[in-house]
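Before any comments, here is the structure.
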Amino acid sequence: MNAIEICGVRKSYGTDFSLHDVNLEVKMGRIMALLGPNGAGKTTLVKLILNLMHADHGVIKIKDIPSNLSSSRSGIGFIPEKFNFFPYYTVRGVLEFFGTMKGLGGNDLKSQIDNALSELNITELQNRKLQSLSKGQVQRTGLASLLVGEHDVLILDEPFSGLDPIGMRDLKNIIKKQKAEGKTIFLNSHILSEMEQICDDVAILNNGEILFTGTVKSILEGGQSLEDFFYQKVSNKA
Numbered sequence: 059m060n061a062i063e064i065c066g067v068r069k070s071y072g073t074d075f076s077l078h079d080v081n082l083e084v085k086m087g088r089i090m091a092l093l094g095p096n097g098a099g100k101t102t103l104v105k106l107i108l109n110l111m112h113a114d115h116g117v118i119k120i121k122d123i124p125s126n127l128s129s130s131r132s133g134i135g136f137i138p139e140k141f142n143f144f145p146y147y148t149v150r151g152v153l154e155f156f157g158t159m160k161g162l163g164g165n166d167l168k169s170q171i172d173n174a175l176s177e178l179n180i181t182e183l184q185n186r187k188l189q190s191l192s193k194g195q196v197q198r199t200g201l202a203s204l205l206v207g208e209h210d211v212l213i214l215d216e217p218f219s220g221l222d223p224i225g226m227r228d229l230k231n232i233i234k235k236q237k238a239e240g241k242t243i244f245l246n247s248h249i250l251s252e253m254e255q256i257c258d259d260v261a262i263l264n265n266g267e268i269l270f271t272g273t274v275k276s277i278l279e280g281g282q283s284l285e286d287f288f289y290q291k292v293s294n295k296a
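Here our numbering is used: the first residue of the sequence shown is 59, the next is one more, and so on.
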């Protein structure tokens, strides 16, 4: 069973295709990055996986459950590129909201929130309102929400956006830790050097088409960096 399986997916906006016959498998317990230039269709694909949009053709399954069924999103954690929430909520309040929505309460909720605050190094911000925080601090709050509740598949849309180098390092460590706990991580990012360090697998998407799927190890063993390999693939298709 794959964590995510995408078969023959098409999505168009009028006469323009955003995605054209996309096939992709995300294996359980691995970290896969979806790479592509701006406008390649990465965020559209993420929205289709989460059933926030509907494909014109094709099938998407999450743990063998069709994505149009609400049960497919059980155990899924998601963070968008720009995390937004009510600005008058405190950081702890945000995590309490998401934890309560996931059925947590009492000491279990408090313990998981304390752990999430610690992991993202925002414990000292817990009583501050979102409207008083920097973009990076708000993003850390959103990422902390993924550590509250039980998830076996994490979907991250440009998770490094707005983070400083320390935040990026912290997030990389969290992603590696989540994998070590047996979780699947599917993310997209423009920061290829970071993807080379943490990912098992990559898929390259350009102009709505998958150009390559394979392991990072196979690319590096071929004598190229992920960045060079990516630019070669995208340039050849341009």
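Just so it is clear, CB atoms sit at the ideal spot from N, CA and C, and this is done for glycine as well.
Contact check, K193 vs T148, beta carbons under 8 angstroms
Going by C-beta atoms, K193 is not nearer than 8 angstroms to T148.
Can you name the start and end residues of the beta strand (DSSP E) that N60 belongs to?
Under the DSSP assignment, N60 falls in the beta strand (DSSP E) whose first and last residues are N60 to Y71.
C-alpha gap between L110 and Q290, whole angstroms:
C-alpha separation (whole angstroms): 32 angstroms.
So, at 7 angstroms on beta carbons, what are the nonlocal neighbours of I277 in its own chain, with the 5 sequence-adjacent residues on each side left out?
Counting only Cβ-Cβ distances below 7 angstroms, and skipping sequence neighbours, we find L284 and F287.
Alpha carbon of Y146 to alpha carbon of I256, nearest angstrom
If you take the alpha carbons of Y146 and I256, they lie about 35 angstroms apart.
Here's the rule I'm using: 16 or more other beta-carbon atoms within 10 Å means buried, otherwise exposed. How should L127 be labelled?
Flag for L127 reads exposed.
Need the endpoints of the alpha helix (DSSP H) that S169 sits in, please.
Looking at the DSSP string, the run of the alpha helix (DSSP H) that includes S169 is G164 to E177.
For the alpha helix (DSSP H) that K275 lies in, which residues bound it at each end?
Annotation for K275: the continuous alpha helix (DSSP H) segment containing it runs V274 to E279.
So what does I213 bridge to, in DSSP terms?
Bridge partners of I213: F136 and F244.
So, under 8 angstroms CB-CB, D210 and K241 are touching, yes? Tell me the CB distance rounded to an integer number of Å.
Yes, they are in contact, since the Cβ atoms of D210 and K241 sit about 6 angstroms apart, within 8 angstroms.
Start-to-end residues for the beta strand (DSSP E) that takes in F155:
Not the beta strand (DSSP E): F155 falls in the alpha helix (DSSP H), residues V149 to M159.
Straight-line Cα distance separating L77 from G229
The residue you asked about is not Gly; residue 229 is Leu in the sequence shown. Here the C-alpha atom of L229 lies approximately 29 angstroms from the C-alpha atom of L77.
Bounding residues of the alpha helix (DSSP H) (the contiguous stretch that carries E83)
Boundaries around E83 are those of the beta strand (DSSP E), D74 to K85, since no alpha helix (DSSP H) includes it.
Bounding residues of the alpha helix (DSSP H) (the contiguous stretch that carries N231)
For N231, the enclosing alpha helix (DSSP H) has its first and last residue at P223 to A238.
Cβ shell of N179 (< 7 angstroms), same chain only, five flanking positions each side left out:
Cβ neighbours of N179 beyond the five flanking positions: D228.
Does the beta-carbon distance from N173 to L205 come in below 8 angstroms?
Taking 8 angstroms as the Cβ cut-off, N173 and L205 qualify as a contacting pair.
Beta-carbon gap between I62 and F244 smaller than 8 angstroms
Contact: yes.
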